[in-house]
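Asker: Those protein sequences? They're chains A and B, same order as listed. So for the first sequence, my numbering puts the first residue at 1; every next one is plus one. So for the second sequence, my numbering puts the first residue at 340; every next one is plus one.
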Amino acid sequence: MSERILTVDNLRVDLPVPAGTLHAVQGVSFHVDRGETVCIVGESGCGKTLTALAVMDLLPARARRTAQRLELAGRDMLSIGERAMADIRGARAAMIFQEPMTSLNPAYTIGNQLEEALLRHSRVSRRQARARAVYLLERVGITAAASRFKQYPHQLSGGLRQRVMIAMALMCGPSLILADEPTTALDVTIQAQILHLLAELQREFATGLVLITHDLGVVARIATRVVVMYAGEVVETGTAAAIFSRPAHPYTRGLIACIPVPGRTRRGAALGTIPGMVPSLVGKSIGCHFASRCDYAIDACRSADVTLEAARDAGHLVRCIRHAELPALAPTRVAEAAP
Amino acid sequence: MTAAALTAAQVEAAPMLEARDVSRTFRVSTGLLKPKRTLQAVEGVSLLVRPGEVVGLVGESGCGKTTLARMLLGLLPPTDGEIRVVGRPTAALPRRTIAQLVQPVFQDPYSSLNPRKSIGAIITLPLRVQGGSDSATWRAQVEEMMERVGLARSLYDNYPSQLSGGQRQRVAIARALINRPRLVICDEPTSALDVSVQSQILNLLQELRRDLGLTYLLISHNLAVVEHMATRVAVMYLGRIVEEADTDALFRAPKHPYTQALLASVLTPEPGLGVPDTQLGAAYPNPLDVPPGCRFHPRCAHVMDICRTVAPKPVASGEGFVECHLYGTP
Ligand SMILES: Nc1ncnc2c1ncn2[C@@H]1O[C@H](COP(=O)(O)OP(=O)(O)OP(=O)(O)O)[C@@H](O)[C@H]1O
Ligand SMILES: Nc1ncnc2c1ncn2[C@@H]1O[C@H](COP(=O)(O)OP(=O)(O)OP(=O)(O)O)[C@@H](O)[C@H]1O
Ligand code: SF4
Ligand SMILES: [Mg+2]
Ligand SMILES: [Mg+2]
Numbered sequence: 001m002s003e004r005i006l007t008v009d010n011l012r013v014d015l016p017v018p019a020g021t022l023h024a025v026q027g028v029s030f031h032v033d034r035g036e037t038v039c040i041v042g043e044s045g046c047g048k049t050l051t052a053l054a055v056m057d058l059l060p061a062r063a064r065r066t067a068q069r070l071e072l073a074g075r076d077m078l079s080i081g082e083r084a085m086a087d088i089r090g091a092r093a094a095m096i097f098q099e100p101m102t103s104l105n106p107a108y109t110i111g112n113q114l115e116e117a118l119l120r121h122s123r124v125s126r127r128q129a130r131a132r133a134v135y136l137l138e139r140v141g142i143t144a145a146a147s148r149f150k151q152y153p154h155q156l157s158g159g160l161r162q163r164v165m166i167a168m169a170l171m172c173g174p175s176l177i178l179a180d181e182p183t184t185a186l187d188v189t190i191q192a193q194i195l196h197l198l199a200e201l202q203r204e205f206a207t208g209l210v211l212i213t214h215d216l217g218v219v220a221r222i223a224t225r226v227v228v229m230y231a232g233e234v235v236e237t238g239t240a241a242a243i244f245s246r247p248a249h250p251y252t253r254g255l256i257a258c259i260p261v262p263g264r265t266r267r268g269a270a271l272g273t274i275p276g277m278v279p280s281l282v283g284k285s286i287g288c289h290f291a292s293r294c295d296y297a298i299d300a301c302r303s304a305d306v307t308l309e310a311a312r313d314a315g316h317l318v319r320c321i322r323h324a325e326l327p328a329l330a331p332t333r334v335a336e337a338a339p
Numbered sequence: 340m341t342a343a344a345l346t347a348a349q350v351e352a353a354p355m356l357e358a359r360d361v362s363r364t365f366r367v368s369t370g371l372l373k374p375k376r377t378l379q380a381v382e383g384v385s386l387l388v389r390p391g392e393v394v395g396l397v398g399e400s401g402c403g404k405t406t407l408a409r410m411l412l413g414l415l416p417p418t419d420g421e422i423r424v425v426g427r428p429t430a431a432l433p434r435r436t437i438a439q440l441v442q443p444v445f446q447d448p449y450s451s452l453n454p455r456k457s458i459g460a461i462i463t464l465p466l467r468v469q470g471g472s473d474s475a476t477w478r479a480q481v482e483e484m485m486e487r488v489g490l491a492r493s494l495y496d497n498y499p500s501q502l503s504g505g506q507r508q509r510v511a512i513a514r515a516l517i518n519r520p521r522l523v524i525c526d527e528p529t530s531a532l533d534v535s536v537q538s539q540i541l542n543l544l545q546e547l548r549r550d551l552g553l554t555y556l557l558i559s560h561n562l563a564v565v566e567h568m569a570t571r572v573a574v575m576y577l578g579r580i581v582e583e584a585d586t587d588a589l590f591r592a593p594k595h596p597y598t599q600a601l602l603a604s605v606l607t608p609e610p611g612l613g614v615p616d617t618q619l620g621a622a623y624p625n626p627l628d629v630p631p632g633c634r635f636h637p638r639c640a641h642v643m644d645i646c647r648t649v650a651p652k653p654v655a656s657g658e659g660f661v662e663c664h665l666y667g668t669p
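Below, the structure is given as structure tokens:
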């Protein structure tokens with residue numbers, strides 16, 4: 001039996017905005033077992049970052065978080081105190097942010113920050129902390145790690161900083177890492193290097209990994225399971241194999257059709273598109289969030305909220321009332337971009 | 340020579356755009372009290388863009404793509420070498436003539452549009468600057484172009500902040516095309532956009548190319564995008580083009596070890612394949628400190644002794660060339 005490390009059940013995040021209440025996360029559920037990589041994918045603004053911040057209790061002060069259940073490493077995060085939470089952050093769960101400078105302090109050396117990450121949470125000597133830091137820097141592919149110790153964050157390239165962030169996240173041997181677009185700002189070669197490394201370290205330490213990204217290529221290559229979000233909701237979840245070979249939700253299908261794939265899409269041919277825009281998340285809405293952009297929408301899609309239902313594969317869930325008939329259906333509206 | 344001095348026949352016959360052995364350096368300070376140093380952003384680059392082609396330019400951050408693009412647009416003078424537009428050295432052409440033929444679309448649709456100007460005013464500006472047509476026809480021309488790029492005419496009086504990222508990039512494309520240029524330099528035109536918007540913009544660029552007979556130089560670090568769009572690809576590394584080939588040839592049989600690593604890094608959405616080991620070293624390139632010999636040698640999996648001291652020369656290969664000692668005749 002694999003060990004459950006994170007359980008998120010019916011998570012909601014509301015934000016007060018001038019126009020009313022923004023329902024940024026609307027009942028998101030997923031779980032992560034030890035050694036698993038769960039990828040959260042979806043369009044800009046769909047609530048990926050807020051979901052991760054909610055798990056770590058790092059939401060902006062104005063935000064309101066509710067959930068049926070939120071358990072990290074066996075602890076109930078909903079009833080836990082501020083102090084205990086601070087202990088869990090860092091020691092049991094670590095977050096890697098998209099922009100490493102948000103979590104690296106420009107005023108302290110790399111070495112100092114790595115050591116402190118461990119000293120804050122466990123009874124080890126500075127010598128032991130240093131030894132672990134050097135070990136991890138080497139593991140993340142930083143050569144001459146000891147000499148990097150005295151350097152400040154701004155003296156490192158973006159790729160090196162991101163590696164330092166990964167080493168820092170691993171300092172306390174966390175059971176869970178949440179990585180928010182950790183490679184989006186980096187070059188493709190460095191992205192591949194870092195993901196390769198992350199996957200390797202995660203296997204080795206049996207860490208649970210939640211990786212947030214909008215890059216379907218990354219998702220396909222490293223996810224154990226995939227959570228597809230659209231406008232604050234999970235619209236589909238399943239294994240990477242199920243999501244990519246038998247996508248069940250029109251949004252997922254549309255997304256996969258949008259990207260050029262060397263050797264698969266024909267050069268110069270029109271790519272798939274998802275016309276239209278994401279609906280506003282302010283105020284109450286009814287029906288399928290994707291209906292305004294969906295090629296298969298019918299009246300029933302707009303008249304009642306849609307729940308997650310089991311699709312063909314085990315553990316494959318989809319939020320679409322027409323998912324079963326979809327493969328045999330012609331679109332109710334022909335994509336506008338077709339020439 | 341005056342602005343309108345080039346005849347249609349002259350434009351037709353010549354290569355669209357040519358860089359001949361072009362270099363660009365910058366003087367940069369590396370810290371308080373430290374002396375200024377020379378940064379070699381582009382070094383001895385030659386590139387030819389023929390009418391009707393889509394030339395893809397790829398390479399990692401800081402390798403000099405935008406610097407080369409700005410020189411090709413006549414926005415930045417080379418420190419060495421020559422740029423030619425339709426066969427004429429740009430140094431001898433007025434800016435307006437260059438702008439009539441070559442137009443840019445930049446990466447960031449958020450910062451490249453003036454937030455205080457309406458959409459209509461932004462797209463009209465090049466007509467105003469060029470001054471070639473009757474101002475009474477401008478509004479009609481602009482609305483027609485808006486329609487062409489998929490913007491509702493009703494957005495004419497809106498401001499950039501009221502538009503989505505994809506719409507803003509359409510505005511940038513309309514502005515670039517309003518004077519009917521021959522060549523458009525697209526510098527990371529979709530990098531800031533969601534994939535669902537990216538595909539719309541790429542489809543639009545293809546359509547416009549077909550309908551208006553445009554030539555593109557497409558700069559991108561997304562190789563899948565380049566493979567989809569380009570007819571020919573140039574790969575840049577630390578200021579130099581290290582390989583150039585037809586798109587098919589480049590993707591079928593990449594020659595330069597850097598090109599090979601780049602292609603290996605393309606993560607196609609195929610579950611189960613994992614993330615490949617690129618075999619690249621962790622020595623990130625620094626244009627202030629270009630390695631001697633082959634500039635790629637500190638990261639190369641095939642490095643030989645000669646690579647550390649002798650800079651490789653371009654070796655012809657098919658329709659293109661590669662610059663690597665693995666392929667040179669000794
Ligand atoms: N501090 C905030 N105040 C108000 N609204 C916010 C705040 N943070 C996020 N939002 C809104 O909440 C929604 C979800 O935001 P979130 O950052 O989680 O999106 P995301 O999926 O991570 O997007 P991206 O891919 O662009 O990072 C968006 O509509 C966003 O505008
Ligand atoms: N005006 C300038 N002054 C000093 N250095 C500059 C200037 N413009 C560019 N550089 C430097 O020249 C090098 C090449 O920059 P350039 O913007 O051309 O790279 P790029 O390939 O477009 O990168 P990216 O993919 O990040 O856009 C970089 O090291 C950059 O810092
Ligand atoms: S529920 Fe209806 S509108 Fe929503 S995705 Fe399914 S078919 Fe489309
Ligand atoms: Mg985010
Ligand atoms: Mg650039």
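A virtual CB, placed ideally from N, CA and C, is assigned to each residue, including glycine.
Does the segment 418 to 427 of chain B come within contact of the segment 448 to 457 of chain B, defined as at least 3 CB pairs closer than 8 Å?
Answerer: No, they do not touch.
Asker: Determine the DSSP secondary structure at His31 (chain A), reduced to helix, strand or coil.
Answerer: Translated into the one-based positions of the first sequence, residue 31 (chain A) becomes position 31. Strand, per DSSP.
Asker: Identify every residue that forms a DSSP beta bridge with Tyr230 (chain A).
Answerer: One-based indexing of the first sequence puts residue 230 (chain A) at position 230. Bridge partners of Tyr230 (chain A): A:Glu233.
Asker: For a quick check, are the C-beta atoms of Tyr623 (chain B) and Leu160 (chain A) less than 9 Å apart?
Answerer: Within the second sequence, the letter at position 284 stands for residue 623 (chain B). Within the first sequence, the letter at position 160 stands for residue 160 (chain A). A contact, by the Cβ cut-off of 9 Å.
Asker: Using only the heavy atoms of ligand 1, determine whether one of them is closer than 8 Å to the beta carbon of Glu181 (chain A).
Answerer: If you number the first sequence from 1, residue 181 (chain A) lands on position 181. True, at least one ligand heavy atom lies under 8 Å from that Cβ.
Asker: Flag this pair as yes or no: are the beta carbons of Thr554 (chain B) and Glu392 (chain B) separated by less than 9 Å?
Answerer: Against the second sequence, residue 554 (chain B) aligns to sequence position 215. Against the second sequence, residue 392 (chain B) aligns to sequence position 53. Yes, they are a contact pair.
Asker: Could you check whether the Cβ of Gly403 (chain B) sits closer than 9 Å to any Cβ belonging to chain A?
Answerer: Residue 403 (chain B) sits at position 64 when you count from the first residue of the second sequence. By this cut-off, Gly403 (chain B) is not an interface position.
Asker: Counting only Cβ-Cβ distances shorter than 9 Å, please list the residues of the segment 531 to 545 of chain B near chain A, keeping chain order.
Answerer: If the cut-off is 9 Å between Cβ atoms, the segment 531 to 545 of chain B has Leu532, Asp533, Val534, Ser535, Val536, Gln537, Ser538, Gln539, Leu541, Asn542, Leu543, Gln545 near chain A.
Asker: Rounded to the nearest angstrom, how far is the Cβ of Val574 (chain B) from that of His595 (chain B), given a contact under 8 Å?
Answerer: Taking the first residue of the second sequence as position 1, residue 574 (chain B) is located at position 235. Taking the first residue of the second sequence as position 1, residue 595 (chain B) is located at position 256. Rounded, the Cβ-Cβ distance is 7 Å, consistent with contact.
Asker: Within the continuous alpha helix (DSSP H) that includes Asn10 (chain A), where are the two ends?
Answerer: Here residue 10 (chain A) refers to the residue found at position 10 of the first sequence. No alpha helix (DSSP H) contains Asn10 (chain A), which is instead part of the beta strand (DSSP E) from 4 to 17.
Asker: Flag this pair as yes or no: are the beta carbons of Val381 (chain B) and Arg359 (chain B) separated by less than 9 Å?
Answerer: Working through the second sequence from its first residue, we reach residue 381 (chain B) at position 42. Working through the second sequence from its first residue, we reach residue 359 (chain B) at position 20. No.
Asker: Ligand 5 and Gln508 (chain B): does the residue's C-beta get closer than 8 Å to at least one heavy atom of that ligand?
Answerer: In the second sequence, residue 508 (chain B) corresponds to position 169, counting from 1. The answer is no for Gln508 (chain B).
Asker: Going along the segment 471 to 487 of chain B in order, which residues come within less than 7 Å of chain A, judged by CB to CB distance?
Answerer: If the cut-off is 7 Å between Cβ atoms, the segment 471 to 487 of chain B has nothing near chain A.
Asker: Between the C-alpha atoms of Leu15 (chain A) and Ala67 (chain A), what's the straight-line distance to the nearest angstrom?
Answerer: By one-based count along the first sequence, residue 15 (chain A) stands at place 15. By one-based count along the first sequence, residue 67 (chain A) stands at place 67. Leu15 (chain A) and Ala67 (chain A): Cα-Cα distance of roughly 15 Å.
Asker: Please name the residues in the segment 232 to 246 of chain A whose beta-carbon is closer than 7 Å to at least one beta-carbon of chain B, in chain order.
Answerer: Cβ contacts with chain B come from Ala240, Ala241, Phe244.
Asker: Could you work out which residues of chain B lie near Val218 (chain A), taking near to mean beta carbons separated by less than 7 Å?
Answerer: Here residue 218 (chain A) refers to the residue found at position 218 of the first sequence. Those are Leu606, listed as they occur along chain B.
Asker: Say yes only if the C-beta of Ile177 (chain A) is nearer than 8 Å to one or more non-hydrogen atoms of ligand 1, and no if none qualify.
Answerer: Here residue 177 (chain A) corresponds to residue number 177 of the first sequence, with the count starting at 1. Outside the cutoff, so no.
Asker: Please name the residue, chosen from A:Pro275, A:Ser303, A:Val227, A:Asp187, that lies closest to Gly401 (chain B) on a Cα-to-Cα basis.
Answerer: Locating residue 401 (chain B) in the second sequence gives position 62, where the first residue counts as 1. The option with the nearest alpha carbon to Gly401 (chain B) is A:Asp187.
Asker: For Glu486 (chain B), tell me which candidate among B:Arg514, B:Ser604, B:Cys639 has the shortest Cα-Cα distance.
Answerer: Within the second sequence, residue 486 (chain B) is the residue found at index 147, counting from 1. Nearest option by C-alpha distance: B:Arg514.
Asker: Quick check on DSSP: helix, strand or coil for Ile580 (chain B)?
Answerer: Counting from 1 along the second sequence, the entry for residue 580 (chain B) is found at position 241. Strand.
Asker: Ligand 3 and Ala291 (chain A): does any heavy atom of the ligand fall closer than 8 Å to the residue's C-beta?
Answerer: If you number the first sequence from 1, residue 291 (chain A) lands on position 291. Yes.
Asker: Closer than 9 Å, CB to CB, is Asp14 (chain A) near chain B or not?
Answerer: By 1-based counting over the first sequence, the position of residue 14 (chain A) is 14. Asp14 (chain A) does not count as touching chain B.
Asker: Below 9 Å between beta carbons: does that hold for Leu562 (chain B) and Val397 (chain B)?
Answerer: Taking the first residue of the second sequence as 1, we reach residue 562 (chain B) at position 223. Taking the first residue of the second sequence as 1, we reach residue 397 (chain B) at position 58. Going by C-beta atoms, Leu562 (chain B) is nearer than 9 Å to Val397 (chain B).
Asker: Between Pro250 (chain A) and ligand 3, is there a pair consisting of the residue's CB and a ligand heavy atom that are separated by less than 8 Å?
Answerer: Mapped onto the first sequence, residue 250 (chain A) falls at position 250. It does: the Cβ of Pro250 (chain A) is within 8 Å (strictly closer) of some heavy atom of ligand 3.
Asker: Smallest Cα separation from Val481 (chain B): which of B:Leu665, B:Leu466, B:Gly659?
Answerer: Here residue 481 (chain B) corresponds to residue number 142 of the second sequence, with the count starting at 1. The candidate whose alpha carbon is nearest that of Val481 (chain B) is B:Leu466.
Asker: If you scan the segment 79 to 116 of chain A from start to end, which runs of the alpha helix (DSSP H) of 4 or more residues do you find wholly inside it?
Answerer: Here the runs fully enclosed are 82 to 91.
Asker: Since Ile222 (chain A) is in the alpha helix (DSSP H), which residue starts that stretch and which ends it?
Answerer: Locating residue 222 (chain A) in the first sequence gives position 222, counting from the first residue. Counting along the chain, the alpha helix (DSSP H) containing Ile222 (chain A) begins and ends at 216 to 222.
Asker: DSSP puts Gln26 (chain A) in a beta bridge; with which residues?
Answerer: Locating residue 26 (chain A) in the first sequence gives position 26, counting from the first residue. Gln26 (chain A) is bridged to A:Arg12.
Asker: To the nearest angstrom, report how far apart Ser474 (chain B) and Asn518 (chain B) are at their CA atoms.
Answerer: Here the question's residue 474 (chain B) lines up with position 135 in the second sequence. Here the question's residue 518 (chain B) lines up with position 179 in the second sequence. Computed Cα separation, rounded: 13 Å.
Asker: Is Phe149 (chain A) helix, strand or coil by DSSP?
Answerer: Along the first sequence, one-based indexing puts residue 149 (chain A) at 149. Of the three classes helix, strand and coil, the one that applies to Phe149 (chain A) here is coil, per DSSP.
Asker: Could one say the Cβ of Val261 (chain A) lies closer than 9 Å to chain E's Cβ atoms, at least one of them?
Answerer: Judged by its chain identifiers, the structure shown contains no chain E, and its protein chains are A and B.
Asker: Just to confirm, is the Cβ distance from Arg225 (chain A) to Glu36 (chain A) under 9 Å?
Answerer: For the purposes of this step, residue 225 (chain A) is taken as residue 225 along the first sequence, with counting starting at 1. For the purposes of this step, residue 36 (chain A) is taken as residue 36 along the first sequence, with counting starting at 1. Cβ distance < 9 Å, so Arg225 (chain A) and Glu36 (chain A) count as in contact.
Asker: May I have the straight-line CA-CA distance separating Ala320 (chain B) from Thr406 (chain B), to the nearest angstrom?
Answerer: A query on residue 320 (chain B) cannot be resolved here, the shown segment of chain B reaching from 340 to 669 and no further.
Asker: Span of the beta strand (DSSP E) holding Phe365 (chain B)?
Answerer: Taking the second sequence and counting its residues from 1, one reaches residue 365 (chain B) at position 26. Its beta strand (DSSP E) spans residues 356 to 368.
Asker: List the endpoints of the continuous alpha helix (DSSP H) containing Glu200 (chain A).
Answerer: Counting from 1 along the first sequence, the entry for residue 200 (chain A) is found at position 200. Unbroken alpha helix (DSSP H) run through Glu200 (chain A): 188 to 205.
Asker: Using a Cβ-Cβ distance cut-off of 9 Å, determine whether Asp616 (chain B) contacts chain A.
Answerer: Within the second sequence, the letter at position 277 stands for residue 616 (chain B). Yes, Asp616 (chain B) counts as interfacial toward chain A.
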